[in-house]
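Working notes, beginning with the structure itself.
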Amino acid sequence: MQKFVLSVLVENKFGVLTRVAGLFSARGYNIGSLAVGETEDPGISRMTIVVEADEKILEQIKKQLNKLIDVLRVQDLTGGEHVGRELILIKVKAEDIKAREKIVQVVDSTGGEIVDIGKKALTVEESGDEHRIRALIELLRPYGILEIVRTGKIAMQSEA
Numbered sequence: 004m005q006k007f008v009l010s011v012l013v014e015n016k017f018g019v020l021t022r023v024a025g026l027f028s029a030r031g032y033n034i035g036s037l038a039v040g041e042t043e044d045p046g047i048s049r050m051t052i053v054v055e056a057d058e059k060i061l062e063q064i065k066k067q068l069n070k071l072i073d074v075l076r077v078q079d080l081t082g083g084e085h086v087g088r089e090l091i092l093i094k095v096k097a098e099d100i101k102a103r104e105k106i107v108q109v110v111d112s113t114g115g116e117i118v119d120i121g122k123k124a125l126t127v128e129e130s131g132d133e134h135r136i137r138a139l140i141e142l143l144r145p146y147g148i149l150e151i152v153r154t155g156k157i158a159m160q161s162e163a
């Protein structure tokens, strides 16, 4: 099994997300991540879907997606050059000044940003590829991660 990144252009209409998600669930395919947003054309949305599958299952997924009436284009970005990013918010325990200072140093060294300061916790924001996100999580884990919220991957083909 391999992770594949699909970029799916769809009409920006009510129920499209439900139909796409239903296609996956009806066939027992798991979506690793899903991000949806309007494109430069407000009538079109782009779905970036990460799915773990083999080549045969991937081909089935692409065929089934292309059969949906609201789907305009399905593109597999996995093999080609593409830019992909993810956003993460991490709430980290920071009850004393020494812990806060160390967390700030870690965040500064990775290019992240402290976006909220509470009495007992700091919230960190980072965007980047999967490896960068995973590295930040591991660097902050010793301080006590209280909560993680992350987007799905967004991706677009690189200019050739």
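Taking my numbering, the leading residue of the sequence shown gets 4, the next gets one more, and so forth.
All residues carry an ideal CB built from backbone N, CA and C; glycine is no exception.
9 Å or more divides the Cβ of V110 from the Cβ of E133. In this model, R135 and K6 are separated by some 17 Å (Cα to Cα). The beta carbon of L125 sits closer than 6 Å to those of V95, A97, I106, I117, all from its chain and outside the five residues before and after it, given in chain order. The criterion of a C-beta distance shorter than 9 Å is satisfied by G40 and R49.
Scanning the stretch 52-81 from its first residue to its last, the whole beta strand (DSSP E) runs of 3-plus residues come out as 74-79. Using a 10 angstroms sphere on the CB of G115, the tally of other CB atoms reaches 16 or more, which defines it as buried.
At the C-beta level, E89 and T42 stay beyond 9 Å of one another. Out of H85, A24, N33, D119, the CA that lies nearest to the CA of I60 is found in N33. Three or more Cβ pairs closer than 8 Å define a contact, and the stretch 6-15 meets that threshold against the stretch 73-82. Assignment of G155 by DSSP, reduced to helix, strand and coil, places it in the coil class.
Look at R30 here: in three-state DSSP terms it is coil, with no helix or strand label. With a beta-carbon spacing of about 6 Å, I148 and I93 fall inside the 8 Å limit used to define contacts. The alpha-carbon separation between D119 and E62 amounts to approximately 43 Å.
Taking a contact as a CB-CB distance under 8 Å, the pair H85 and S161 counts as one, their CB atoms being some 6 Å apart.
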